[in-house]
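Visitor:
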Amino acid sequence: MTCTTTPPDREPGADAWADPAGEPGFATRAVRTGHHRTGEGEHGEPIFTTSSFVFESAAQAAARFSGDSPGNIYSRFTNPTVRAFEERLASLEGGEACVATASGMAAILAVCMGLLQSGDHIVASRSLFGSTTLLFNKYLSRFGIATSYCSLSELAAWDAAICPQTRLLFCETPSNPLTEMVDLRALAELARRRNCLLVVDNCFCTPALQRPLELGADLVIHSATKYLDGQGRCVGGAVVGDRKRVGEEVYGVLRTAGPTLSPFNAWVFLKGLETLELRMEAHSRGAARLADWLAVQPGVERVYYPGRPEHPQHHLVGVQQHGGGGIVAFDVRGGRAGAWGLIDATRLLSITANLGDTKSTITHPASTTHGRLSPQERAASGIGEGLIRVAVGLESMADIEADLARGLVLVPVAYRESRAGSAL
7 MTCTTTPPDR EPGADAWADP AGEPGFATRA VRTGHHRTGE GEHGEPIFTT SSFVFESAAQ
67 AAARFSGDSP GNIYSRFTNP TVRAFEERLA SLEGGEACVA TASGMAAILA VCMGLLQSGD
127 HIVASRSLFG STTLLFNKYL SRFGIATSYC SLSELAAWDA AICPQTRLLF CETPSNPLTE
187 MVDLRALAEL ARRRNCLLVV DNCFCTPALQ RPLELGADLV IHSATKYLDG QGRCVGGAVV
247 GDRKRVGEEV YGVLRTAGPT LSPFNAWVFL KGLETLELRM EAHSRGAARL ADWLAVQPGV
307 ERVYYPGRPE HPQHHLVGVQ QHGGGGIVAF DVRGGRAGAW GLIDATRLLS ITANLGDTKS
367 TITHPASTTH GRLSPQERAA SGIGEGLIRV AVGLESMADI EADLARGLVL VPVAYRESRA
427 GSAL
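So the sequence shown is residues 7 to 430, counted in this note's numbering.
#1: Counting only the same chain and skipping the five closest in sequence on each side, list residues whose C-beta sits under 6 angstroms from that of residue 410.
#2: Between the Cα of residue 344 and the Cα atoms of 415, 215, 356, which residue gives the shortest distance?
#3: From the DSSP secondary-structure annotation, give me the bridge partner or partners of residue 207.
#4: Who are the near neighbours of residue 309 in its chain, counting only those whose CB is closer than 6 angstroms to its CB and skipping five residues on each side?
#5: Go ahead and label residue 186 buried or exposed: buried means 16 or more other beta carbons lie within 10 angstroms of its beta carbon, across all protein chains shown.
#6: Does DSSP classify residue 344 as helix, strand or coil?
#7: Counting only the same chain and skipping the five closest in sequence on each side, list residues whose C-beta sits under 8 angstroms from that of residue 221.
#8: When we look at the beta-carbon of residue 15 and count the other beta-carbons within 10 Å, is it buried (16 or more) or exposed?
#9: Helix or strand or just coil, what does DSSP make of residue 104?
#10: On the premise that residue 112 lies in contact with residue 253, defined as a C-beta separation below 8 angstroms, what is that separation, rounded to the nearest angstrom?
#11: Given this structure, state the Cα-to-Cα distance separating residue 204 from residue 166, to the nearest angstrom.
#12: Return the Cβ separation of residue 146 and residue 139 in integer angstroms, given the expectation that the two are a contact with Cβ distance under 8 angstroms.
#13: Residues in the same chain with beta-carbon distance under 6 angstroms from residue 364, minus the five sequence neighbours each way, listed in chain order, please.
#14: Using a threshold of 8 angstroms, state whether the C-beta atoms of residue 54 and residue 87 are closer than that.
#15: What would DSSP say about residue 146, mapped onto helix, strand or coil?
#16: DSSP three-state label for residue 303, please.
#17: Which of the three DSSP states is assigned to residue 403 in this structure?
#18: With DSSP collapsed to three states, give me the class of residue 327.
#19: The alpha helix (DSSP H) spanning residue 369 covers which residue range?
#20: Considering only residues of the region 39-95, which uninterrupted alpha helix (DSSP H) runs meet the minimum length of 4 residues and lie entirely inside it, listed in chain order?
#21: Let me confirm a value: residue 34 is counted as buried when at least 16 other C-beta atoms fall within 10 Å, else exposed. Which label applies?
#22: Would you say residue 36 and residue 234 are within 8 angstroms of each other, going by their C-beta atoms?
#23: For residue 331 versus residue 225, is the C-beta spacing smaller than 8 angstroms?
#24: If you drop the 5 nearest sequence neighbours on each side, which residues of the same chain put their C-beta closer than 7 angstroms to that of residue 7?
#25: Does DSSP classify residue 132 as helix, strand or coil?
#26: Answer yes if the region 349-366 comes into contact with the region 310-317, meaning at least three C-beta pairs across the two stretches below 8 angstroms, and no otherwise.
#27: Secondary structure at residue 380, three-state DSSP: helix, strand or coil?
#28: Where does residue 208 land, buried or exposed, given buried means 16+ other C-beta within 10 angstroms?
#29: What is the DSSP secondary structure of residue 247, reduced to helix, strand or coil?
#30: Among 41, 342, 333, 407, which one has its Cα closest to the Cα of residue 396?
#31: Could you check where the beta strand (DSSP E) with residue 338 kicks off and where it finishes?
#32: Throw me the rounded Cβ distance for the residue 391 and residue 342 pair, which I believe falls under 8 angstroms.
#33: Where do the N-terminal and C-terminal ends of the beta strand (DSSP E) with residue 393 fall, by residue?
#34: Which partner residues of residue 151 appear in the DSSP bridge assignment?
#35: Can you tell which of 77, 67, 32, 131 has the C-alpha that lies nearest to the C-alpha of residue 162?
#36: So for residue 168, helix, strand or coil by DSSP?
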């Protein structure tokens, strides 16, 4: 479509704000990249709620389907609203291409389907979201793709796990839920030396706090459901990387298999990206305060937060990760009884496994996000029965602390009861 309202000094359909003198800042790109104004002259991004697109002729239809001519075909794999989200996220991550998917797990599956084949091998961190581990172990294994696991932060362990069949290294940093980190630049160098691709789940940080591609990673995975949306409204995912692997191979999976992001959800994520930098700064600030408060509370045995000096990878904060992020995990006494008692006593925090919301959430990973793993797998990942994860929202921190304090008074009781039971 020709944009009839485009001023003569601007290319039709181009970003109206684009500055030929250089790339704008992160906040500007988060607000404006990807919006190619139509002939209607709209100021906000439109939602193209259409399943298909009409061609001017049979010849144009043939050219679109063959790839000889660019343009929209069918919303399973071409939609202007989805494309706007992809362009914006690719810009923020520093990637050449982005493919949006129906969920974060769909993004991981699309990467594996697009880049791996039977006989290939994955090396992954033990510190992964439970569904990611199940995808690798239960489903990819059926098609001859094997996975080995190693300690996230130990480069020697990654190196030792790589074999001639290894094609892909996969990690979350910080990890879910213990916020463990790995030196991405060093891991990327290892991946290049061993001829492997490095795929990083950047869900906890987002490009506002960490940009793995700039540190040498090959692909970045997102659950857009989390911080990219920021208000818990929609489910979606994305893969960001180069034009060949993402723009062709991963895109090919999307076009054929159809794990598609809806235009409405893409529009919601576009709105979320506009405030991403501000929100991540606020989440990090609140989480740092909560971690310090929890560290001195009776009944709390250990706090996991990258911003605290005792965190094993604290030295990476400020180097590759700009801020501690919004996730705080902590162990309480009394095992599951202590953790559940604390969670059930809260009145403000939302008991849900989702994260990245303006509303603070609280969950018991051993029975929710990692509940489908075996006890042995949870133990190997460091996820005990007394572990609680809080995703700090944007409420008053004094209110969040007061809400957790209600449950913390019950922890000593649960601990004494658990000790008494074990002595019988």
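Ideal Cβ positions, reconstructed from N, Cα and C, are used throughout, including at glycine.
Guide: Answer, in terms of the structure:
#1: If the five residues before and after residue 410 are omitted, its C-beta is found closer than 6 angstroms to no C-beta atom of its own chain.
#2: For residue 344, the nearest C-alpha among the options comes from 415.
#3: According to DSSP, which records beta bridges pairwise, residue 207 is partnered with 178, 227.
#4: Excluding the 5 residues flanking it on each side, residue 309 has same chain C-beta neighbours closer than 6 angstroms at 297, 300, 301, 336, in chain order.
#5: Around the beta carbon of residue 186, a 10 Å sphere encloses 16 or more other beta carbons of the protein chains shown; the residue is thus reported as buried.
#6: Residue 344: helix per DSSP, three-state reduction.
#7: In its chain, beyond the 5 residues on either side, 190, 191, 194, 326 have a beta carbon closer than 8 angstroms to the beta carbon of residue 221.
#8: In this prediction, residue 15 scores a pLDDT of 35, lower than 50, which makes its location untrustworthy; no coordinate-derived value is stated.
#9: Here residue 104 sits in strand by DSSP.
#10: A Cβ-Cβ distance of about 17 angstroms is found for the pair residue 253 and residue 112, leaving them out of contact under the 8 angstroms criterion.
#11: Their Cα atoms are separated by approximately 16 angstroms.
#12: Actually they are not in contact, since the Cβ atoms of residue 146 and residue 139 sit about 11 angstroms apart, beyond 8 angstroms.
#13: These residues qualify, in order along the chain: 237, 399, 400.
#14: Less than 8 angstroms separates the beta-carbon of residue 54 from that of residue 87.
#15: When DSSP states are grouped into helix, strand and coil, residue 146 belongs to the helix group.
#16: It is coil, neither helix nor strand.
#17: The answer is helix: DSSP assigns residue 403 an H, G or I state.
#18: The answer is strand: DSSP assigns residue 327 an E or B state.
#19: Where residue 369 is concerned, there is no enclosing alpha helix (DSSP H), although the beta strand (DSSP E) it sits in stretches over 367-369.
#20: Qualifying alpha helix (DSSP H) stretches, in chain order: 64-72.
#21: With fewer than 16 Cβ atoms within 10 Å of its Cβ, residue 34 is classed as exposed.
#22: With contacts defined by Cβ atoms closer than 8 angstroms, residue 36 and residue 234 do not form a contacting pair.
#23: No, they are not a contact pair.
#24: Because residue 7 carries a pLDDT of 29, less than 50, the predicted location of this residue cannot be relied on, and no value is offered for it.
#25: It is coil, neither helix nor strand.
#26: Remark: fewer than three beta-carbon pairs, one from each stretch, lie closer than 8 angstroms, so the region 310-317 and the region 349-366 are not flagged as touching.
#27: In the three-state scheme derived from DSSP, where H, G and I count as helix and E and B as strand, residue 380 is classed as coil.
#28: Note on residue 208: 16 or more other CB atoms within 10 angstroms of its CB, so buried under the neighbour-count rule.
#29: Residue 247 falls in the strand class under three-state DSSP.
#30: Per the Cα distances, 333.
#31: Counting along the chain, the beta strand (DSSP E) containing residue 338 begins and ends at 333-338.
#32: Between residue 342 and residue 391 the Cβ distance is about 4 angstroms, and since that is below 8 angstroms, they are a contact.
#33: In the DSSP assignment, residue 393 falls within the unbroken beta strand (DSSP E) covering 393-397.
#34: Bridge pairing for residue 151: absent [DSSP].
#35: Among 77, 67, 32, 131, the Cα nearest to that of residue 162 is on 131.
#36: For residue 168, the secondary structure class from DSSP, reduced to helix, strand or coil, is coil.
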